[in-house]
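Enquirer: Can you keep this structure in mind? I'll have questions shortly.
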Amino acid sequence: MTDTPILHVDMDAFYASVALRERPDLVDQPVVVGGGGGRGVVLAANYVARRYGVRSALPMTRVRRMCPHVVVIEPDYATFTSVSSSVMETFREVTPVVEAMSLDEAFLDVRGSTRRLGPPARIAERLRSTIHDEQGITCSVGVAASVSVAKLASRRAKPDGVIVVPPAEVTSFLHPLDVGELYGVGEKTQALLHRFGLLTVGDVAHTPLRTLQRAVGDHLGRELQHLAWGTDRSELTPRAGPHEPERSMGADETFTRDTDDREVIVRELLRLSARVAGRMRSADVAGRTVTLKVRFADFTTITRSRTLPEATDVTVEIHRAVTRLYDALGLQRARLRLVGVRVEGLVPRATVHRQLVLGESEHGWADADRAVDRATRRFGTAAVRPASLV
Numbered sequence: 001m002t003d004t005p006i007l008h009v010d011m012d013a014f015y016a017s018v019a020l021r022e023r024p025d026l027v028d029q030p031v032v033v034g035g036g037g038g039r040g041v042v043l044a045a046n047y048v049a050r051r052y053g054v055r056s057a058l059p060m061t062r063v064r065r066m067c068p069h070v071v072v073i074e075p076d077y078a079t080f081t082s083v084s085s086s087v088m089e090t091f092r093e094v095t096p097v098v099e100a101m102s103l104d105e106a107f108l109d110v111r112g113s114t115r116r117l118g119p120p121a122r123i124a125e126r127l128r129s130t131i132h133d134e135q136g137i138t139c140s141v142g143v144a145a146s147v148s149v150a151k152l153a154s155r156r157a158k159p160d161g162v163i164v165v166p167p168a169e170v171t172s173f174l175h176p177l178d179v180g181e182l183y184g185v186g187e188k189t190q191a192l193l194h195r196f197g198l199l200t201v202g203d204v205a206h207t208p209l210r211t212l213q214r215a216v217g218d219h220l221g222r223e224l225q226h227l228a229w230g231t232d233r234s235e236l237t238p239r240a241g242p243h244e245p246e247r248s249m250g251a252d253e254t255f256t257r258d259t260d261d262r263e264v265i266v267r268e269l270l271r272l273s274a275r276v277a278g279r280m281r282s283a284d285v286a287g288r289t290v291t292l293k294v295r296f297a298d299f300t301t302i303t304r305s306r307t308l309p310e311a312t313d314v315t316v317e318i319h320r321a322v323t324r325l326y327d328a329l330g331l332q333r334a335r336l337r338l339v340g341v342r343v344e345g346l347v348p349r350a351t352v353h354r355q356l357v358l359g360e361s362e363h364g365w366a367d368a369d370r371a372v373d374r375a376t377r378r379f380g381t382a383a384v385r386p387a388s389l390v
């Protein structure tokens, strides 16, 4: 069993990075995302702008004084939410235990995934690679035994890195840090601790608990001791992100090379449809709205949806719907970087009552899917697959 099962994955300058996907000409320039008016504030700044001292929540008027040549991009919240949902879906393909903290960060418990995917450090690298390939942005990952240490590790890994803190190295990692670095310690608590001469995490760790509680209160004192020794919580509470659709499942895939080959694209849509449908059946849900996502070579992304007459969890029906959506785009020879399949409006499978169509076989594709599920559970995911995917 792994001794560092908690990952904290944090997108690097998320809002600015997403905005810059469409403007690669601005990558080396200072860029902020936010309202450009006189009372606007910075939502996010890229790393070039941060060298000038620009940070989130600064008034735009002050930012222009600090960096007169800064480029301001209006926020596109629909795109931010879409990218966030895709990232969270990537996390859930690794583990169902995902505790989303915001649009751009989450904790993952991977102790149930190591047999399948390898040690946590390898899983972290896999996530970074997948997110970069599929979304065109980078992330940093902290790997540790507890939530707070993983959070601090991801902060130290920025940008675009991974830091693993094994239990034996927790004290050497934590104790030299300023107390203000501790997860959840704000400016007021930092100032209070400094007033008592507690400057580093090590100072807090070696202060008797009763002394610490007299200075800052019983609850905070106990919490600070746990944080200082890295013994805070290691169990996560799965939850969706603040703007993430809670009733959908999906999957994306980035092609090894951009392609305009319909046969390759439709085959990948079948693979994704099978993956999504299998997850839906495992969760005993079905859905009516099928969504196709297409990302072009220049990172322009579009989605198209179709609502079916009845909710389904059948691979063939989902694949038929997304293929029709793809063909309706009439893309000619446009080269694609990524395709995705999502089913929305999920409801409990038990509430769906399918009516047989006149002449339809009593045992059809739904039964075939369930036979595949049984074989997969017994022999693994590669045991049975559609002939076109072999």
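At position 83 of the sequence shown the residue is numbered 83 (the UniProt record's numbering), and the sequence of numbers has no breaks.
Glycine included, C-beta positions come from ideal geometry on N, C-alpha and C.
(1) Going by DSSP, what residues sit across from aspartate 178 in a beta bridge?
(2) Measuring CB to CB, does valine 201 end up less than 8 Å from histidine 175?
(3) Got a sec, what are the start and stop residues for the beta strand (DSSP E) proline 309 sits in?
(4) Please go through the same chain and pick out, in chain order, the residues whose beta-carbon is closer than 7 Å to the beta-carbon of leucine 198, but skip the five residues on each side of it.
(5) Could you check where the alpha helix (DSSP H) with lysine 151 kicks off and where it finishes?
(6) Between the alpha carbons of serine 86 and glutamate 310, how many angstroms are there, rounded?
(7) In this structure, what does DSSP give as the bridge partners for histidine 8?
(8) Using only alpha-carbon positions, find the residue among Ser305, Ile137, Gly340, Val162 that is nearest to tyrosine 15.
(9) On the CB-based measure, 16 or more other CB atoms within 10 Å of its CB, does valine 341 come out buried or exposed?
(10) Judging by CA-CA distance, which residue of Met66, Ala321, Ser17, Ala328 is the nearest neighbour of histidine 132?
(11) Looking at the strands, I want to know which residues DSSP matches up with alanine 100.
(12) Is residue 393 helix, strand or coil by DSSP?
(13) For the segment 73–83 against the segment 49–61, do three or more pairs of beta-carbon atoms, one drawn from each stretch, fall closer than 8 Å, so that the two count as touching?
(14) Starting from the C-beta of leucine 305, find all residues in its chain whose C-beta is less than 8 Å away, skip the five residues before and the five after it, and write them out in chain order.
(15) With distances taken from CA atoms, which of Val48, Ala106, His219 is nearest glycine 142?
(16) Enumerate in chain order the residues of its own chain whose CB-to-CB distance from serine 113 is below 7 Å, with the five nearest sequence positions on each side excluded.
(17) Which residue or residues does DSSP assign as beta-bridge partners of proline 59?
(18) Going by beta-carbon coordinates alone, are proline 30 and valine 48 separated by less than 8 Å?
(19) With distances taken from CA atoms, which of Asp327, Arg337, Val314 is nearest arginine 349?
(20) Work out the CA separation of glycine 221 and alanine 191 for me, nearest whole Å.
(21) Measuring straight from C-alpha to C-alpha, what distance separates valine 70 and serine 56?
(22) Can you tell me the Cα-Cα spacing of threonine 259 and leucine 336, whole angstroms?
(23) Quick one: grab the DSSP three-state call for glycine 278.
(24) State the beta-bridge partners of glycine 250 as determined by DSSP.
(25) Below 6 Å CB to CB, which residues in the same chain sit around alanine 297 once its five sequence neighbours on both sides are set aside?
(26) On the CB-based measure, 16 or more other CB atoms within 10 Å of its CB, does valine 9 come out buried or exposed?
(27) Suppose the cutoff is 6 Å on Cβ atoms and the five residues either side in sequence are ignored; what does the same chain contact list for methionine 280 look like?
Expert: To lay it out plainly:
(1) As a first step, residue 178 must be located in the sequence shown, where it is residue number 178. According to DSSP, aspartate 178 bridges with Thr200.
(2) As a position in the sequence shown, residue 201 is number 201, starting the count at 1. As a position in the sequence shown, residue 175 is number 175, starting the count at 1. Against a cut-off of 8 Å, the Cβ pair of histidine 175 and valine 201 comes out as a contact.
(3) Residue 309 sits at position 309 when you count from the first residue of the sequence shown. Element bounds for proline 309: 301–312.
(4) Mapped onto the sequence shown, residue 198 falls at position 198. Hits under 7 Å: Val179, Val204, Thr207.
(5) Counted from its first residue, the sequence shown places residue 151 at position 151. Its alpha helix (DSSP H) spans residues 147–157.
(6) Position 86 of the sequence shown, counted from the first residue, corresponds to residue 86. Position 310 of the sequence shown, counted from the first residue, corresponds to residue 310. Rounded to the nearest angstrom, the two C-alpha atoms are 25 Å apart.
(7) Translated into the one-based positions of the sequence shown, residue 8 becomes position 8. Looking at the DSSP assignment, histidine 8 forms a beta bridge with Phe107, Gly142.
(8) Here the question's residue 15 lines up with position 15 in the sequence shown. With distances taken between Cα atoms, tyrosine 15 lies closest to Ile137.
(9) What you label residue 341 is simply residue 341 of the sequence shown in a count that begins at 1. It is buried - the Cβ of valine 341 has at least 16 other Cβ atoms within 10 Å.
(10) What you label residue 132 is simply residue 132 of the sequence shown in a count that begins at 1. Residue Ser17 is the option with its Cα nearest to histidine 132.
(11) By one-based count along the sequence shown, residue 100 stands at place 100. Answer is Ala106.
(12) This structure leaves residue 393 out entirely; the chain is present only between 1 and 390.
(13) no
(14) The residue you call residue 305 lines up with position 305 of the sequence shown. With the sequence shown as reference, residue 305 is identified as serine, and leucine is not the correct amino acid for it. If we look at serine 305 and ignore the five residues flanking it on each side, its Cβ neighbours are Thr289, Val290, Thr291, Leu292, Leu325, Glu344.
(15) Taking the sequence shown and counting its residues from 1, the one referred to as residue 142 is at position 142. Nearest C-alpha to glycine 142: Ala106.
(16) Numbered from 1 along the sequence shown, position 113 holds the residue referred to as residue 113. The answer, listed in chain order, is Val94, Thr95, Ile123.
(17) As a first step, residue 59 must be located in the sequence shown, where it is residue number 59. Beta-bridge pairing links proline 59 to Val41.
(18) Taking the first residue of the sequence shown as 1, we reach residue 30 at position 30. Taking the first residue of the sequence shown as 1, we reach residue 48 at position 48. Yes; because the gap between Cβ atoms is below 8 Å, this pair is in contact.
(19) Reading the sequence shown from its first residue, position 349 is the one you call residue 349. Measuring from the Cα of arginine 349, the nearest candidate turns out to be Val314.
(20) Taking the first residue of the sequence shown as 1, we reach residue 191 at position 191. Taking the first residue of the sequence shown as 1, we reach residue 221 at position 221. Going by the C-alpha atoms only, they are around 15 Å apart.
(21) The residue given as residue 70 occupies position 70 in the sequence shown. The residue given as residue 56 occupies position 56 in the sequence shown. Straight-line Cα distance between these residues: approximately 14 Å.
(22) For the purposes of this step, residue 259 is taken as residue 259 along the sequence shown, with counting starting at 1. For the purposes of this step, residue 336 is taken as residue 336 along the sequence shown, with counting starting at 1. Going from the Cα of threonine 259 to the Cα of leucine 336 covers about 5 Å.
(23) The count along the sequence shown starts at 1 and reaches residue 278 at position 278. Glycine 278: helix per DSSP, three-state reduction.
(24) As a working mapping, residue 250 is identified with position 250 in the sequence shown. DSSP lists Arg342 as partners of glycine 250.
(25) The count along the sequence shown starts at 1 and reaches residue 297 at position 297. Answer for alanine 297: Asp258, Arg335, Arg337, listed in chain order.
(26) In the sequence shown, residue 9 corresponds to position 9, counting from 1. With 16 or more other Cβ atoms within 10 Å, it is buried.
(27) Residue 280 sits at position 280 when you count from the first residue of the sequence shown. Answer for methionine 280: Met249, Asp313, listed in chain order.
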